[in-house]
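Quick note on numbering: the sequence shown equals residues 131 to 371 in my numbering.
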Amino acid sequence: GIKDLTGLGSFVNLRFLGCDYNDLEKLNVSGNPNLEELSCLYNLIDTLDVSHNPKLTILMCARNRFKFLDVSKNPKLKLLVTIYNRLTFIDLSNNPDLEYLDLCCSSMNKINICKNNKLTYFNCIGNTDLLSVSVSDSNLINHNPKFQKDGLTKWTQNCFPTGFESDRLTSSSVKVYPNPATDILNIEGEVEKVKIYNDLGSLLFTTNSNHFSIANFPKGYYILGIYDYMGKYQMRKIIKE
């Protein structure tokens with residue numbers, strides 16, 4: 131397969147580019163401002179900059195090695211397929227025309243589609259760390275068979291704090307136990323504040339203590355927001371028995 135597409139910038143009027151099933155590790159489309167459709171499925175690309183492609187309407191980049199993808203400069207984007215990458219977060223707030231979104235089988239820990247009201251298809255199955263998807267109308271989502279998620283992932287109209295991975299506490303820096311819990315919940319680490327949300331994303335409880343009781347909480351699972359003094363945070367799923 132092709133390993134190098136150096137020189138694409140010479141084609142300033144290029145509107146459509148397909149380079150699927152190759153061995154590309156890099157793809158530079160910064161010199162193609164008129165690009166409308168890009169498909170680079172099944173390659174080895176770890177970074178893709180589409181900030182210089184304001185006319186882009188279709189982006190299919192599944193089966194690559196992305197950890198980050200910025201589509202904030204692509205307001206005309208209508209179709210986005212990123213399945214089987216390493217994305218943990220993607221900001222879609224500047225893509226109001228998005229109609230088709232497939233984020234399946236990645237490493238997402240939060241998704242916000244509150245501003246993507248034109249979506250007719252959405253898939254986030256296979257993101258094992260995903261606790262919730264923030265939406266603007268959960269009633270519409272719940273009755274749309276083309277909106278797909280795993281059973282433990284919840285639709286919510288309450289948006290959790292947004293931010294990139296630099297705002298998150300590492301899993302090793304915080305310990306939560308016991309989990310499942312019946313009464314006292316303990317948190318080890320430098321914690322400034324703890325918030326507990328129910329499975330619909332509603333805030334139930336806030337404390338500044340590292341040890342507190344959840345004995346009065348009904349049985350079920352909850353989402354724990356743990357914040358340090360620098361403003362970094364971590365979301366954990368806990369079970370009350």
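In this text, a Cβ means the ideal position worked out from N, Cα and C, and glycines have one as well.
Practice task
Kindly indicate which residue of Thr250, Pro275, Cys244 and Ser236 has the alpha-carbon position closest to the one of Asn257.
Solution key: If you compare the alpha carbons of Thr250, Pro275, Cys244 and Ser236 with that of Asn257, the shortest gap goes to Ser236.
Exercise for the section: Work out the CA separation of Lys279 and Ile317 for me, nearest whole Å. Expected result: Answer to the nearest angstrom: the Cα atoms are 30 Å apart.
Problem - Contact under 7 Å by Cβ, Lys245 with Pro226 - result: Yes, they are a contact pair.
Practice task
Between the Cα of Lys224 and those of Asn247, Pro348, Met190 and Leu135, spot the shortest distance and give me the residue it belongs to.
Solution key: Note that residue 224 is Asn in the sequence shown, not Lys. The residue with the shortest Cα to Cα distance from Asn224 is Asn247.
Handout entry: Nearest candidate by alpha-carbon position, reference Tyr359, set Phe196, Lys203, Lys323 and Leu165
Key = The closest CA to that of Tyr359, considering only Phe196, Lys203, Lys323 and Leu165, is found on Lys323.
Handout entry: Nonlocal neighbours in the same chain, by C-beta distance under 8 Å from Glu155, ignoring five residues either side
Key = Same-chain partners within the cutoff: Lys133, Asn173, Leu174, Ile175 and Asp176.
Handout entry: Neighbourhood of Phe294 by C-beta distance below 7 Å, restricted to the same chain and skipping five residues each side
Key = Bear in mind that a pLDDT of 38 at Phe294, under 50, signals an unreliable position, so the number given afterwards is only what the model happens to contain. Close CB contacts of Phe294 within its chain, under the 7 Å cut and outside five residues either way in sequence, are with Phe219 (chain order).
Practice task
With a threshold of 16 other CB atoms inside 10 Å of the CB of Tyr352, please say whether the residue is buried or exposed.
Solution key: Counting other Cβ atoms within 10 Å of its Cβ, Tyr352 reaches 16 or more and is therefore classed as buried.
Handout entry: Segment limits, beta strand (DSSP E) that includes Val324
Key = For Val324, the uninterrupted beta strand (DSSP E) segment begins and ends at Lys323 to Tyr327.
Exercise for the section: Might you give, ordered along the chain, the residues of its own chain that have their beta carbon closer than 8 Å to the beta carbon of Asp179, omitting 5 neighbours on each side? Expected result: Excluding sequence neighbours, Asp179 sits near Asn158, Val159, Ser160 and Asp200.
Practice task
List the whole-angstrom C-beta distance separating Leu209 from Met238, where the pair is believed to meet the contact cut-off of C-beta under 8 Å.
Solution key: About 18 Å separates the two Cβ atoms, so there is no contact after all.
Exercise for the section: Tell me whether the beta-carbon of Leu189 lies closer than 7 Å to the beta-carbon of Leu168. Expected result: In this structure, Leu189 places its C-beta atom within 7 Å of the C-beta atom of Leu168.
Practice task
In the DSSP assignment, find the beta strand (DSSP E) that holds Val159 and state where it starts and stops.
Solution key: In the DSSP assignment, Val159 falls outside any beta strand (DSSP E), carrying neither H nor E.
Handout entry: Status (buried if at least 16 other CB within 10 Å, exposed otherwise) for Ser296
Key = At Ser296 the pLDDT is 40, less than 50, meaning the model places this residue with poor confidence; the figure from the coordinates comes in the next sentence. Exposed, by the Cβ-count rule.
Problem - Cβ pair Val265, Ile243 closer than 7 Å - result: Closer than 7 Å, so yes.
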